[in-house]
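Data first, discussion second: the structure below is written as structure tokens.
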Amino acid sequence: MGFTKRPTFRVERDSCRCIDCGVCVRQCANEVHYLDIDTKEVLCDSTNCSNCRRCVELCPTGALAVWGAPQETSGNAAWAVHDIRAIQAQANSGGILLTGMGSDRPMPGYFDRMMLNASQVTNPSIDPLREPMELRTFLGRKPTVLQLDDKGKPVDLPPQLELDVPIMFSAMSFGSISLNAIKSLAAAAESENTYYNTGEGGLHRDLYPFGKNTITQVASGRFGVNIDYLNAGAAIEIKIGQGAKPGIGGHLPGEKVGQGVSETRMIPLGSDAISPAPHHDIYSIEDLTQLIFSLKEATEYTKPISVKIAAVHNVAAIASGIARAGADIIAIDGYRGGTGATPLRIRDHVGIPIELALAAVDSRLRDEGIRQEVSIVVGGSMRHSADVIKAIALGADAVYIATAALISLGCHVCQKCYTGKCNWGIATQNPQLVKRLNPEIGARRAANLLRAWKHELKEMLGGMGINAVESLRGNRLMLRGVGMMDSELRILGIKAAGE
Ligand code: SF4
Ligand code: SF4
Ligand code: SF4
Numbered sequence: 000m001g002f003t004k005r006p007t008f009r010v011e012r013d014s015c016r017c018i019d020c021g022v023c024v025r026q027c028a029n030e031v032h033y034l035d036i037d038t039k040e041v042l043c044d045s046t047n048c049s050n051c052r053r054c055v056e057l058c059p060t061g062a063l064a065v066w067g068a069p070q071e072t073s074g075n076a077a078w079a080v081h082d083i084r085a086i087q088a089q090a091n092s093g094g095i096l097l098t099g100m101g102s103d104r105p106m107p108g109y110f111d112r113m114m115l116n117a118s119q120v121t122n123p124s125i126d127p128l129r130e131p132m133e134l135r136t137f138l139g140r141k142p143t144v145l146q147l148d149d150k151g152k153p154v155d156l157p158p159q160l161e162l163d164v165p166i167m168f169s170a171m172s173f174g175s176i177s178l179n180a181i182k183s184l185a186a187a188a189e190s191e192n193t194y195y196n197t198g199e200g201g202l203h204r205d206l207y208p209f210g211k212n213t214i215t216q217v218a219s220g221r222f223g224v225n226i227d228y229l230n231a232g233a234a235i236e237i238k239i240g241q242g243a244k245p246g247i248g249g250h251l252p253g254e255k256v257g258q259g260v261s262e263t264r265m266i267p268l269g270s271d272a273i274s275p276a277p278h279h280d281i282y283s284i285e286d287l288t289q290l291i292f293s294l295k296e297a298t299e300y301t302k303p304i305s306v307k308i309a310a311v312h313n314v315a316a317i318a319s320g321i322a323r324a325g326a327d328i329i330a331i332d333g334y335r336g337g338t339g340a341t342p343l344r345i346r347d348h349v350g351i352p353i354e355l356a357l358a359a360v361d362s363r364l365r366d367e368g369i370r371q372e373v374s375i376v377v378g379g380s381m382r383h384s385a386d387v388i389k390a391i392a393l394g395a396d397a398v399y400i401a402t403a404a405l406i407s408l409g410c411h412v413c414q415k416c417y418t419g420k421c422n423w424g425i426a427t428q429n430p431q432l433v434k435r436l437n438p439e440i441g442a443r444r445a446a447n448l449l450r451a452w453k454h455e456l457k458e459m460l461g462g463m464g465i466n467a468v469e470s471l472r473g474n475r476l477m478l479r480g481v482g483m484m485d486s487e488l489r490i491l492g493i494k495a496a497g498e
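All residue numbers for the sequence shown refer to numbering that gives the first Met the number 0, where the first residue is 0 and numbers rise by one.
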């Protein structure tokens, strides 16, 4: 016996406003709207609606609305409707439940319970409109002693990434998102002098011109990795884990491996792209050291090497090992980090919040006296500039954003990326859908987002009486906790509000 698939969302059409123009029929890749041949009326079947809101936004008469559908079961305090639905779906399919984007569980976020300081009488605030504010950030190993040449310029500096704003676009592969989405982010990174990250999908030939703003990733599948790829970017990131699926690999189904993805990943057309859970040549910190130095050798020590991990238990000890293995940057992805496709249970139940992971890592590296040997970049649900500034005060050098960047391109966080039918042309390889995202417009919008956050960062810094982001880094005195337990305050290394 199977359970009938019931709609999660209900599409409502206001017949007084609808002019049967058919825009919604053409815009919905889930075939929710259809034209009744006999009556010439546009109708709909809500069953497959993902609430991506494409039809709502594009309906020329504002005739459409999408609501949460009433559920046939109300659940109770112990059994939530979504848990009952999940069991029904698994009883139907016998398979794991897939989802996209970051966890949407109502787990309290620590950023929301941390408040920033502001100057009042002494150490007055700075007006960022009239006084210079420095957001420039350098990522990479810092020397313990600065050697200067006879003109006073530093010599023998380890390779650094230079960012005008301490925000980068996180790893999203060609395959999981469209080439137009990546082009948008690459161009925005170039215009704002920051970086985007290829993810594990290789580097499409159209993206080579953006090399100086590119971080190329080396993941367990080694898709698209060759010497040209390694040399094309400004830095290389070894991906060990990601927040949305710590401890497991990835799988890009063959139907998404079209000509472009196949060439870029260097895999046969239409074949499944499997990223194993581990790197098959890394079983110890010594093995990781070998890979880090192989990549440094291959690129003649010109590029910083980052190692990306998921925030998990013992993350501080893991980060210490990575720093000692020779990494120049450690990227940590919190449990709310997004993805194109992940098993629901892994996404929602594995890993730890980025705030705790970051504070623990920064404290450990400081305690061990090796903090300057490595930069820390964090990601996993940076929703706005206040999250960014709190992350920096907790100890991050810079942050990665991904979901926020995709929202700037049009994403409405429907979490159905894994279906490959993204109506906004982002998480899809369908040529008809891909062309809905104009990379020039996308680049402008993503750059606008960075510029807007940059203004806000300066405002908040100025309010604290600080004129350079460097002076905020790890300055936890600028944070106070509200409604936290002593153990949480201790790990975060901050005082309670009022103290
Ligand atoms: S897009 Fe709007 S006006 Fe056009 S058919 Fe759909 S509901 Fe009606
Ligand atoms: S899936 Fe998106 S485009 Fe289709 S009906 Fe639902 S909201 Fe509209
Ligand atoms: S990228 Fe597309 S499919 Fe994924 S959440 Fe955003 S709108 Fe939905």
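For each residue, glycine too, the CB sits at the ideal point set by N, CA and C.
Helix, strand or coil: how does DSSP classify residue i here?
i           : result
residue 104 : coil
residue 420 : coil
residue 466 : coil
residue 344 : helix
residue 370 : helix
residue 390 : helix
residue 406 : helix
residue 255 : helix
residue 268 : coil
residue 53  : helix
residue 28  : coil
residue 364 : helix
residue 436 : coil
residue 495 : strand
residue 412 : coil
residue 48  : coil
residue 243 : coil
residue 358 : helix
residue 499 : Beyond the ends of the chain as shown, which are 0 and 498, falls residue 499; an answer cannot be given.
residue 397 : strand
residue 153 : strand
Please report the straight-line C-alpha distance between residue i and residue j, rounded to a whole angstrom.
i           : j           : result
residue 396 : residue 379 : 15 Å
residue 273 : residue 94  : 18 Å
residue 206 : residue 101 : 27 Å
residue 35  : residue 64  : 20 Å
residue 15  : residue 60  : 10 Å
residue 330 : residue 38  : 57 Å
residue 66  : residue 5   : 14 Å
residue 167 : residue 400 : 6 Å
residue 104 : residue 238 : 25 Å
residue 358 : residue 72  : 42 Å
residue 462 : residue 313 : 35 Å
residue 114 : residue 478 : 6 Å
residue 429 : residue 420 : 7 Å
residue 434 : residue 424 : 7 Å
residue 295 : residue 385 : 35 Å
With residue i and residue j assumed to form a contact (beta carbons below 8 Å), what rounded beta-carbon distance in angstroms separates them?
i           : j           : result
residue 499 : residue 202 : Absent from the model: residue 499. The displayed extent of the chain is 0 to 498, so no value can be given.
residue 191 : residue 449 : 5 Å
residue 159 : residue 138 : 6 Å
residue 246 : residue 276 : 6 Å
residue 157 : residue 347 : Between residue 347 and residue 157 the Cβ distance is about 39 Å, and since that is not below 8 Å, they are no contact.
residue 180 : residue 195 : Not really, about 10 Å apart at Cβ, beyond 8 Å.
residue 320 : residue 241 : Going by Cβ atoms, the distance from residue 320 to residue 241 rounds to 18 Å, so no, they are not a contact pair.
Between the Cα of residue i and the Cα atoms of the options, which residue gives the shortest distance?
i           : options            : result
residue 49  : 208, 416, 374, 465 : 416
residue 418 : 77, 62, 97         : 97
residue 249 : 295, 313, 175, 315 : 175
residue 338 : 87, 431, 414       : 414
residue 374 : 74, 307, 115       : 307
residue 340 : 88, 99, 20, 57     : 99
residue 270 : 298, 259, 52, 409  : 259
residue 334 : 321, 262, 309      : 309
residue 188 : 478, 343, 447      : 447
residue 131 : 494, 325, 468, 212 : 468
residue 350 : 332, 411, 317      : 332
residue 215 : 197, 398, 263      : 197
residue 47  : 8, 21, 79          : 8
residue 57  : 422, 471, 455      : 422
residue 279 : 220, 234, 296, 292 : 220
residue 26  : 40, 253, 52        : 52
residue 171 : 464, 483, 472, 405 : 405
residue 409 : 441, 492, 30, 145  : 441
Could you tell me whether any Cβ in chain D is nearer than 9 Å to the Cβ of residue i?
i           : result
residue 180 : The displayed structure is made up of one protein chain only, and chain D is not part of it.
Sequence ranges, beta strand (DSSP E) only - wholly within the stretch 75-150, length at least 3: 113-115, 136-138
Every unbroken alpha helix (DSSP H) inside the stretch 163-234 [4 residues or more]: Restricted to the stretch 163-234, the alpha helix (DSSP H) segments that are unbroken, complete and at least 4 residues in length are 178-190, 226-231, listed in chain order.
Ordered list of alpha helix (DSSP H) runs contained in the stretch 277-356, each at least 4 residues: For the stretch 277-356, the full-length alpha helix (DSSP H) segments reaching 4 residues or more read 284-297, 314-323, 343-348 along the chain.
Start-end ranges of the alpha helix (DSSP H) lying completely within the stretch 440-491, minimum 4 residues: 468-471, 485-491
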